[in-house]
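Going down the list, the sequences are from chains A and B.
When we follow UniProt numbering, the leftmost residue of the first sequence carries the number 1, and every step to the right adds one.
When we follow UniProt numbering, the leftmost residue of the second sequence carries the number 1, and every step to the right adds one.
All C-beta atoms in this analysis are idealised placements derived from N, C-alpha and C, irrespective of residue type, glycine included.
First the structure, in the form of structure tokens, and then the observations on it.
There are 2 protein chains.
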Amino acid sequence: MRVLKYAILGLLDKGRLSGYDITSKFKEEIGHFWSAKHSQIYPELKKLTEEGFVEYQIVIQGTKLEKKVYSITELGKTELHEWMNQYSPIPETQKDEFMLKAYFVSSMSPEEAKQLFEDQLEKRKQTVVFLEERFQEFEGKEEPISFSSPDFGHYLVLSRALEREKSYISWLERMIKRIGG
Amino acid sequence: MRVLKYAILGLLDKGRLSGYDITSKFKEEIGHFWSAKHSQIYPELKKLTEEGFVEYQIVIQGTKLEKKVYSITELGKTELHEWMNQYSPIPETQKDEFMLKAYFVSSMSPEEAKQLFEDQLEKRKQTVVFLEERFQEFEGKEEPISFSSPDFGHYLVLSRALEREKSYISWLERMIKRIGG
DNA sequence: CAGGCCATGTAAGGCGTTACATGATTAC
DNA sequence: GTAATCATGTAACGCCTTACATGGCCTG
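As structure tokens, this is what we get:
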């Protein structure tokens, strides 16, 4: 599948980036849905260069520090576009360790179960606070953001991340009531 | 982390199972949130046996076929319980290839984007149809299912899977309107 | 001048999938 | 008898994380 390959191509299609920059991007909004460590990114960039999907220029930062600034090639753009237009099946499994514990809830007392669920609720609520702050950026506008905006992708991931958490919270709250405990 | 270890211990805590049975379980309801292939399960069972968390008896199926039926040991129960009561942080990244594409939507025409989103919507709707069928089992009852029911874990995963899909669908529908196309 | 950040790489090991390999049982 | 399912294992390979390793830059 090599999804990281396409993640990098997609990021470079938005603009020129170093390996370090790509690492940083995965700590920002897209990190809610895909990420990788620098130890995986640098070898992948090397491979993509060999394959001709990206190329780089060395830029000197300060007086000595060498930085490789990557850009996507025409070949890379074609490759990215092909992947973007290829509809893949929804994976049957979306791993969630908390839900695995939930499935085994009968091995716990109601008190323990309640605490487990309350902890998860608390953490999800904190995430929502953080996400809602970021989301402000898009809410204040007179004109709602449109497809043609360069920030539309950013809007999509933030709004989805928010909705995902809110749905989780609403479910947790209903289930906590059922547990009693 | 060794989550598969705990997944297997949790399943065996509900009852005696062969490696094949465990593989089957991961194709059923818990498979929405955790799964593994038999090629990963058999070595893990071997390791868990060596560690003393599980033990097995050989059962003859038919006249020749040897089956290893595993059960959890007291040591295994302690280990499981420890994991169940250990609250872990929510992983920052919950990988979703479709959302990665969504983030790169500006590399597409509105028509292409709309088709990508419509395809995703269609697939998620099909999942909901399937999940709702399974969920019938719990809806018809006079008494709503309670924590003490042995099926409560089953109920939790099904209701969460359903809600997760419904939330995704509602978001997709709103975003499709925004795309226009 | 020190601490945090920028910047790039490699190595070891665990996790996970696909493929290879084999054979028995059951239901039609 | 034959196809689907039951049943268990190993091998190869790719993905991913943690740790090892190094050094420059910038701000206070």
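| Item | Value |
| --- | --- |
| Out of Val157(A), Trp171(A), Leu172(A), which one is the CA nearest neighbour of Trp171(B)? | Val157(A) |
| Taking DSSP as the reference, what is the three-state secondary structure of Ser148(A)? | coil |
| Using the C-alpha atoms, what's the distance from Ile22(A) back to Lys64(A)? | 21 Å |
| Just to confirm, are Glu165(B) and Val128(B) a CB contact at a threshold of 7 Å? | yes |
| Suppose you measure from the CA of Phe117(B) to the CA of Ile176(B); what does that come to, to the nearest Å? | 7 Å |
| Does Arg2(A) come within less than 7 Å of chain B when only Cβ atoms are used? | no |
| Starting from the N-terminal side, write out each stretch of the alpha helix (DSSP H) that is 4 residues or longer and does not extend beyond the UniProt domain "Transcription regulator PadR C-terminal" (95 to 178) of chain A. | 97 to 103, 110 to 139 |
| Using the Cα positions of Ile90(B) and Ile8(B), report the straight-line distance between them to the nearest angstrom. | 22 Å |
| For Tyr42(A), which residues from the same chain have a beta carbon less than 8 Å from its beta carbon, with the 5 sequence-adjacent residues on both sides left out? | Gly19 |
| So is Ser39(A) buried or exposed if we call it buried at 16+ other beta carbons inside 10 Å? | exposed |
| What residues in the stretch 81 to 95 of chain A bring their beta carbon closer than 9 Å to a beta carbon of chain B? | His81, Trp83, Met84, Asn85, Tyr87, Ser88, Pro89, Ile90, Pro91, Glu92, Thr93, Gln94, Lys95 |
| Going by other Cβ atoms of all chains shown within 10 Å of its Cβ, with 16 needed for buried, is Val59(A) buried or exposed? | exposed |
| Can you tell me where the alpha helix (DSSP H) with Ser39(A) in it begins and where it stops? | 38 to 51 |
| How about Leu80(A) and Asp13(A): are their beta carbons less than 7 Å apart? | yes |
| In chain order, what residues of the same chain have a beta carbon less than 8 Å from the beta carbon of Glu28(A), not counting five sequence neighbours either side? | none |
| Let me check understanding here. Comparing Cα to Cα, which of Pro150(B), Tyr168(B), Arg2(B), Ala36(B) lies closest to Ser107(A)? | Pro150(B) |
| For Gln86(B), which beta-bridge partners are listed by DSSP? | Per DSSP, none; premise fails for Gln86(B). |
| If you measure from the beta carbon of Ile179(B) to each beta carbon in chain A, is any gap under 7 Å? | yes |
| How should Gln136(A) be labelled, buried or exposed, when 16 other C-beta atoms within 10 angstroms of its C-beta is the threshold for buried? | exposed |
| Kindly indicate if chain A contains any beta-carbon less than 7 Å away from that of Tyr103(B). | yes |
| Does Glu74(A) come out as helix, strand or coil in the three-state DSSP assignment? | helix |
| To be precise: take each residue of the stretch 149 to 164 of chain B, compare its Cβ to all Cβ atoms of chain A, and keep it if any distance is under 8 Å. Which residues remain? | Pro150, Phe152, Gly153, His154, Leu156, Val157, Ser159, Arg160, Glu163, Arg164 |
| What does the Cβ neighbour count give for Lys5(B), buried or exposed, with the cut at 16 atoms within 10 Å? | buried |
| What are the boundary residues of the beta strand (DSSP E) that Ile60(A) is part of? | 54 to 61 |
| Counting C-beta neighbours from all protein chains within 10 Å, is the total for Met1(A) 16 or more, i.e. buried, or is it exposed? | exposed |
| Who are the neighbours of Lys123(A) on chain B, taking C-beta pairs under 9 Å? | Tyr87, Pro89, Ile90 |
| Relative to the C-alpha of Lys101(B), which residue among Gln120(B), Phe152(B), Glu143(B) is closest? | Gln120(B) |
| Would you please verify whether the beta carbon of Leu131(B) is less than 7 Å from any beta carbon of chain A? | no |
| Strictly below 9 Å CB to CB, what residues from chain A border Gly10(B)? | Leu100, Lys101, Tyr103, Phe104, Ser107 |
| In whole angstroms, give me the CA-to-CA distance for Phe138(A) and Lys123(B). | 29 Å |
| Hey, how far is the Cα of Glu143(A) from the Cα of Arg134(B)? | 43 Å |
| Here's the rule: buried if 16 or more other CB atoms are within 10 angstroms of the residue's CB, otherwise exposed. What is Phe130(B)? | exposed |
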